[in-house]
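I have placed the structure first, in the form of structure tokens, so that the comments after it can refer back to it.
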Amino acid sequence: MPIYEYRCSSCGVQQDVMQKMSDAPLTVCPECGKETFSKQLTAAGFQLKGSGYYATDFKDKPKAEPACAPCAAAGSCPAANGGS
Numbered sequence: 004m005p006i007y008e009y010r011c012s013s014c015g016v017q018q019d020v021m022q023k024m025s026d027a028p029l030t031v032c033p034e035c036g037k038e039t040f041s042k043q044l045t046a047a048g049f050q051l052k053g054s055g056y057y058a059t060d061f062k063d064k065p066k067a068e069p070a071c072a073p074c075a076a077a078g079s080c081p082a083a084n085g086g087s
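Sequential numbering of the sequence shown, starting at 4, is according to the working numbering.
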């Protein structure tokens, strides 16, 4: 279940509430009883784990060969000679 942060705009009380995604948002402040309790926008609290999610996953891969590898090896490719 996700944890949502709520704040009352009248009295300023803040509270973290664990509730289902399908539950209706809370509106009544538990401290002052006014209907000024609202859900705050916060950063997501999850991490992506496994291969493919980290920058280090791609650091050891070999660089791709040039598209014209046979002519680059022969020395007759314009791209291998600096494009001139």
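Glycine is no exception: its CB is placed at the ideal position from the N, C-alpha and C atoms.
- As the crow flies, the alpha-carbon of Lys42 is around 11 angstroms from that of Ile6.
- DSSP places Gln50 in the coil class of the three-state scheme, outside both helix and strand.
- Beta-bridge pairing by DSSP links Asp26 to no other residue.
- In the three-state reduction of the DSSP assignment, Cys11 falls in the strand class, which pools E and B.
- For Gln18, the uninterrupted beta strand (DSSP E) run begins and ends at Gln17 to Met21, by DSSP.
- For Thr39 against Ser13, the beta-carbon gap comes to about 4 angstroms, under 8 angstroms, which counts as contact.
- Gln22 sits close to Met4, with the two beta carbons spaced by under 8 angstroms.
- Look at Lys42 here: in three-state DSSP terms it is strand.
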